[in-house]
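For reference, the structure discussed in these notes is given below.
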Amino acid sequence: MRRLPPLNSLRAFESAARWLSFSKAADELFVTPAAISQQIKQLEDYLGIALFHRMTRAVRLTEEARTVLPLVTEGFDKLAEAVEHLAQNQETGVLTVSSAPTFAQKWLLPRLPNFGDKHPDIDLRLDASLLSRDFERDGIDIGIRLGLGDYPGLHVARVFGEQVSVVCSPKLLTADPP
């Protein structure tokens, strides 16, 4: 069995070394800079060597870190490639749709029985949230959003023209018509 340090520590090291910044690594990995620092400290303790020269508002790689970084990056690239290969060869029949909760409730949910009848082999999962999602990280296949948002790397298609109606009570209308 291989003896490896914690993978989160290796991920933190690889990202921080690539960016030469704990803050940018934290942004990339969706954690705090303090968490990156802690993970790197854990890896340094595990290895018994320093990986970074820490300076005021900057970090520099040690010679050992500079030597090993390409190997760690290559290892993560190969791991990502293997996982992607497994995922692509998996015919799961799952479709994950993300939409705003109101749209899901008022428009999407009433249509699900018909969709299920036409596509019984597809397991539909609904992510009803107002939050923007990272499609790759969150496993989202389709997102339905209001407006003309900026979605780099995604294909965007307009599916509805918006129809807006003014509604008021008849009593209000007869009282003082606009």
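Here the sequence shown stands for residues 629 to 806, numbered as in this note's numbering. Note that beta-carbon positions come from the ideal geometry of N, C-alpha and C, so glycine has one too.
Give the DSSP-derived three-state secondary structure of residue i in the structure shown.
i	result
L723	strand
L689	strand
F658	coil
R786	coil
G781	coil
V795	coil
D749	coil
L648	coil
G676	coil
A710	helix
A728	coil
Taking residue i as the reference, which of the options has the closest Cα?
i	options	result
A692	S797, A645, G744 and L759	For the sequence presented, residue 692 should be read as Glu rather than Ala. Closest by alpha carbon: A645.
D807	D769, S760, V787 and V795	Nothing in the structure corresponds to residue 807, since the chain is present only between 629 and 806.
Q670	I768, S726 and A640	A640
E702	R685, S643 and L657	S643
T684	F650, P633 and E764	F650
V787	P798, L774 and V795	L774
P633	V659, P661, A662 and D673	D673
F658	V795, P798 and D762	D762
Look up residue i in the DSSP assignment and give the residues it is bridged to.
i	result
R630	In DSSP, R630 forms no bridge with anything.
H681	R688
Unbroken stretches of the alpha helix (DSSP H), 4 residues or longer, contained in the stretch 751-776: 763-766
contact_flag[the stretch 671-682, the stretch 703-714] where n(CB pairs < 8 Å) is 3 or more: no
Cβ contact check for the stretch 740-751 and the stretch 762-770: 3 or more pairs under 8 Å: no
Assess, as a yes-or-no matter, whether the stretch 685-702 is touched by the stretch 724-733 under the definition of 3 or more beta carbon pairs within less than 8 Å. no
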